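Going by my numbering, the first residue of the sequence shown is number 50, and it counts up by one from there.
Every residue, glycine too, gets a C-beta built ideally from N, C-alpha and C.
Please read these numbers as outputs of a predicted model, since none were measured by experiment.
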Amino acid sequence: MNQATPNLAILGLQWGDEGKGKVVDLLASKYRHAVRFQGGNNAGHTVVVEGQAIALHQVPSGALNKDCFLVVGSGVVLNLEVFRQELDRLKGRGFDVLPRLMMSKKAHIILPHHIALDLWREERAAKAAGGKIGTTGRGIGPCYEMKVARMGVRLGDLKHPEILIERVRPGYEEVRLRIGDAAKELPSLEAIVSQLLETAAPLLPVIGDTQGHLMDAWEKGEPILFEGAQATLLDIDHGTYPFVTSSNCSLGGLYTGTGMPPKALHKVLGIAKAYTTRVGAGPMPSELLDATGDRIREVGREFGTTTGRPRRCGWFDAPITAHACRTNGVDGVAIMKLDVLDGLDEVGLVIGYRDGEGKLTSVLPACPQEWTELKPEIKRFKGWTSTRGVTRHDQLPAEAQAYLDALAEAIETPIAYLSTGPDRVEGCVYPGTFLADLI
Ligand code: IMP
Numbered sequence: 050m051n052q053a054t055p056n057l058a059i060l061g062l063q064w065g066d067e068g069k070g071k072v073v074d075l076l077a078s079k080y081r082h083a084v085r086f087q088g089g090n091n092a093g094h095t096v097v098v099e100g101q102a103i104a105l106h107q108v109p110s111g112a113l114n115k116d117c118f119l120v121v122g123s124g125v126v127l128n129l130e131v132f133r134q135e136l137d138r139l140k141g142r143g144f145d146v147l148p149r150l151m152m153s154k155k156a157h158i159i160l161p162h163h164i165a166l167d168l169w170r171e172e173r174a175a176k177a178a179g180g181k182i183g184t185t186g187r188g189i190g191p192c193y194e195m196k197v198a199r200m201g202v203r204l205g206d207l208k209h210p211e212i213l214i215e216r217v218r219p220g221y222e223e224v225r226l227r228i229g230d231a232a233k234e235l236p237s238l239e240a241i242v243s244q245l246l247e248t249a250a251p252l253l254p255v256i257g258d259t260q261g262h263l264m265d266a267w268e269k270g271e272p273i274l275f276e277g278a279q280a281t282l283l284d285i286d287h288g289t290y291p292f293v294t295s296s297n298c299s300l301g302g303l304y305t306g307t308g309m310p311p312k313a314l315h316k317v318l319g320i321a322k323a324y325t326t327r328v329g330a331g332p333m334p335s336e337l338l339d340a341t342g343d344r345i346r347e348v349g350r351e352f353g354t355t356t357g358r359p360r361r362c363g364w365f366d367a368p369i370t371a372h373a374c375r376t377n378g379v380d381g382v383a384i385m386k387l388d389v390l391d392g393l394d395e396v397g398l399v400i401g402y403r404d405g406e407g408k409l410t411s412v413l414p415a416c417p418q419e420w421t422e423l424k425p426e427i428k429r430f431k432g433w434t435s436t437r438g439v440t441r442h443d444q445l446p447a448e449a450q451a452y453l454d455a456l457a458e459a460i461e462t463p464i465a466y467l468s469t470g471p472d473r474v475e476g477c478v479y480p481g482t483f484l485a486d487l488i
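#1: Can you tell me whether His442 is buried or exposed, with buried defined as 16 or more other CB within 10 angstroms of its CB?
#2: What number of angstroms, rounded off, separates the C-alpha of Pro471 from the C-alpha of Val202?
#3: Classify Leu150 as buried or exposed, calling it buried when 16 or more other Cβ atoms lie within 10 Å of its own Cβ.
#4: Buried or exposed for Gln101, please, with buried defined as at least 16 other CB atoms from any protein chain shown within 10 angstroms of its CB.
#5: Please classify Ser296: does DSSP put it in a helix, a strand, or coil?
#6: From Thr436 to Arg375, what does the alpha carbon distance come to, in whole angstroms?
#7: Can you look up Ala53 in the DSSP assignment and give me helix, strand or coil?
#8: Could you have a look at Leu274 and say whether DSSP puts it in helix, strand or coil?
#9: Where do the ends of the beta strand (DSSP E) carrying Thr325 lie?
#10: Would Leu467 pass as a contact of Ile384 if the rule is Cβ separation under 9 angstroms?
#11: With a threshold of 8 angstroms (Cβ to nearest heavy atom), would Leu62 be considered close to the ligand IMP?
#12: Of all the beta strand (DSSP E) runs that stay within the bounds of the stretch 287-370, which reach a length of 3 or more residues?
#13: Kindly indicate which three-state DSSP category Gly124 falls into: helix, strand or coil?
#14: Check whether the Cβ of Leu283 lies closer than 8 angstroms to any heavy atom of the ligand IMP, and answer yes or no.
#15: When you compare each of Pro368, Pro310, Val255 to Leu410 by their alpha carbons, which one comes out closest?
#16: Specify the secondary structure class of Leu487 as computed by DSSP and reduced to three states.
#17: Under three-state DSSP, which class holds His94?
#18: Could you tell me if the beta carbon of Asn91 falls within a distance shorter than 8 angstroms of some heavy atom in the ligand IMP?
#19: Using CA atoms only, rank isn't needed, just tell me which of Pro463, Thr259, Leu129, Val396 is closest to Leu245.
#20: Hey, would you say Ala112 sits closer than 9 angstroms to Val96, going by beta carbons?
#21: Nearest to Lys428 by alpha carbon, out of His163, Thr356, Gly65, Gly401?
#22: Here's the rule I'm using: 16 or more other beta-carbon atoms within 10 Å means buried, otherwise exposed. How should Lys115 be labelled?
#23: Is Tyr452 near Ser296, with beta carbons less than 9 angstroms apart?
#24: Looking only at DSSP bridge pairs, what is Glu426 linked to?
#25: Would you be able to state if there are at least three C-beta pairs under 8 angstroms between the stretch 54-64 and the stretch 260-273?
#26: Does Glu372 pass the burial test, meaning 16 or more other C-beta atoms within 10 Å, or should it be called exposed?
#27: State yes or no: is the C-beta of Ala104 within less than 9 angstroms of the C-beta of Glu276?
#28: Report yes if the C-beta distance between Thr294 and Asn91 is below 9 angstroms; otherwise report no.
#29: Going by the C-beta, is Ile189 closer than 8 angstroms to any heavy atom of the ligand IMP?
#30: Judging by CA-CA distance, which residue of Val382, Gly405, Ser123 is the nearest neighbour of Asp454?
#31: Using CA atoms only, rank isn't needed, just tell me which of Lys386, Gln279, Leu413 is closest to Ile59.
#32: Who are the Cβ neighbours of Phe144 in its own chain at under 8 angstroms, not counting the five residues just before and after it?
#33: Quick one: what's Thr248 bridged to in DSSP?
#34: In the DSSP output, what is Ile464 paired with across the bridge?
#35: Are there 16 or more other CB atoms within 10 angstroms of the CB of Ser237, so buried, or fewer, so exposed?
#36: So the candidates are Lys312, Glu461, Leu127, Ala231; which of them puts its Cα closest to the Cα of Ile189?
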């Protein structure tokens with residue numbers, strides 16, 4: 050199909066929170082369909098309407114474009130109560146998205162016992178040698194776990210209230226057995242089911258065949274924007290296991306989470322910050338446990354949208370980002386928040402790691418123990434005064450330009466967009482890249 054606007058995936062290339070929301074906002078007006086395909090309300094993005102911030106977790110960021118149809122694909126896990134709150138918040142701001150929303154009948158539902166199991170497990174793990182994952186506590190892992198164990202409850206099941214209790218029962222009983230005394234806090238099975246039916250009632254008309262909807266859109270040449278949640282280093286297969294989320298946040302998850310074939314996707318835009326952040330536990334060789342790390346956190350306002358936790362901050366880590374570019378077949382990267390590094394005397398770029406024997410490598414280990422043996426190899430660049438609000442890359446200070454050139458070379462992927470401030474006009478589209486015709 051030769052359509053003018055490419056079907057595009059937007060994927061995080063680090064450990065999440067790269068600023069995907071701003072890029073979606075810049076592009077949404079070009080797209081007729083915006084799709085979420087994995088994750089749940091562990092994700093969080095803030096959209097700004099008439100100067101007021103609205104926190105969204107499960108509704109696609111394309112919601113603010115009133116011409117955009119919103120799709121929640123089969124790979125998503127949903128907390129329906131939270132979902133309804135998001136819809137209400139949007140409606141209160143003039144965005145009634147229900148008439149332009151479809152949710153996959155195959156998407157799984159997060160239930161109270163999934164949340165209880167998530168919290169119980171983290172509490173136990175905190176006392177054990179391996180330590181906890183630092184999950185968002187939203188029941189994401191257990192919900193995906195039940196899906197794979199074939200004990201999940203899907204949106205399509207809501208259309209059969211008479212058998213719903215039997216769909217919920219196996220998972221509920223298994224969790225009760227596992228968590229022992231903590232199960233006393235759980236609502237009864239009957240209460241869970243009746244609450245679920247009540248919460249879901251207004252959503253029933255929009256539960257449908259999202260795969261068919263997207264196939265039709267693709268055949269008609271209506272452009273589709275696929276919005277990834279979390280990021281490649283949190284991917285259950287290709288991330289820093291076990292310190293990851295429970296879905297495929299990299300490209301593979303787009304196909305399983307929508308039912309679309311690879312040829313339906315035309316371009317992949319990877320999103321990375323000009324430095325690195327991570328929330329929760331797990332390897333992060335570039336982490337700065339010093340005043341520079343604190344400064345990046347303060348200036349970049351690096352606190353979680355979902356849990357409010359301070360994010361760990363460090364230099365841009367080229368090996369992890371190069372891995373993410375390869376895994377996702379990224380056509381171009383958007384580098385976000387360059388201005389946060391303004392005013393530093395020196396800016397570091399992690400170009401590789403030294404292993405236990407002092408050998409330089411950029412290969413990511415598979416075992417957390419091996420990560421602890423790696424020391425970052427940092428290339429240092431002279432800092433710059435200000436990039437804030439720059440809209441043309443050839444107007445950047447020479448020092449910032451040198452840093453970005455080295456970064457792009459290290460990840461072997463061209464920069465397509467650079468963000469130089471929170472406002473939508475603060476940024477540069479790189480001429481000659483596929484984004485040049487889109488933004
Ligand atoms: P879970 O997804 O709640 O199971 O959490 C697993 C790991 O993924 C934890 O380290 C979380 O902090 C991290 N995580 C999950 N969602 C996000 C996100 O949207 N941004 C950043 N980190 C996330």
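For this structure:
#1: When all chains shown are included, His442 counts as buried.
#2: Between Pro471 and Val202, the C-alpha separation is close to 39 angstroms.
#3: If you draw a 10 Å sphere on the C-beta of Leu150, you find 16 or more other C-beta atoms in it, and that means buried.
#4: Taking every protein chain shown into account, the CB of Gln101 has fewer than 16 other CB atoms within 10 angstroms, so this residue is exposed.
#5: Reduced to three states, the DSSP call for Ser296 is coil.
#6: A straight-line Cα-Cα distance of about 29 angstroms links Thr436 and Arg375.
#7: Here Ala53 carries a coil assignment [DSSP, helix/strand/coil].
#8: Strand at Leu274.
#9: It spans 325-327 - the beta strand (DSSP E) in which Thr325 sits, taken as one unbroken run.
#10: Contact: yes.
#11: No - the ligand IMP has no heavy atom lying nearer than 8 angstroms to the Cβ of Leu62.
#12: The stretch 287-370 contains these whole beta strand (DSSP E) runs: 316-322, 325-327, 361-363.
#13: Assigned with DSSP and collapsed to three states, Gly124 falls in coil, not helix or strand.
#14: Annotation for Leu283 indicates a beta carbon within 8 angstroms of some heavy atom of the ligand IMP.
#15: Note on residue identity: the sequence assigns Thr, not Leu, to residue 410. Nearest of Pro368, Pro310, Val255 to Thr410, Cα basis: Pro368.
#16: DSSP places Leu487 outside both helix and strand once states are collapsed to three, so it counts as coil.
#17: In this structure, His94 counts as strand in the three-state DSSP scheme.
#18: Under cutoff, so the answer is yes.
#19: Looking only at Pro463, Thr259, Leu129, Val396, the smallest Cα-Cα distance to Leu245 is reached by Leu129.
#20: Contact flag set, yes.
#21: Answer by Cα proximity: Gly401.
#22: Looking at its Cβ environment, which holds fewer than 16 other Cβ atoms inside 10 Å, Lys115 is exposed.
#23: Not a contact, by the Cβ cut-off of 9 angstroms.
#24: Under DSSP, Glu426 shares a beta bridge with Gly401.
#25: The stretch 260-273 is in contact with the stretch 54-64.
#26: Here residue 372 is His; the residue named in the question, Glu, does not match the sequence. With 16 or more other Cβ atoms within 10 Å, it is buried.
#27: The answer is no: Cβ separation not under 9 angstroms.
#28: Contact: yes.
#29: Inclusion of Ile189 in the 8 angstroms shell around the ligand IMP follows from its C-beta lying nearer than that to a non-hydrogen atom of the ligand.
#30: Out of Val382, Gly405, Ser123, Val382 has the C-alpha closest to the C-alpha of Asp454.
#31: Selected option, being the one with the closest Cα: Gln279.
#32: Excluding sequence neighbours, Phe144 sits near Val98, Ala112, Leu113, Lys115.
#33: Assignment of beta-bridge partners to Thr248 by DSSP yields no partner.
#34: BP columns for Ile464 point to Val382.
#35: Ser237 is exposed by the Cβ-count criterion.
#36: Here the closest residue by C-alpha is Leu127.
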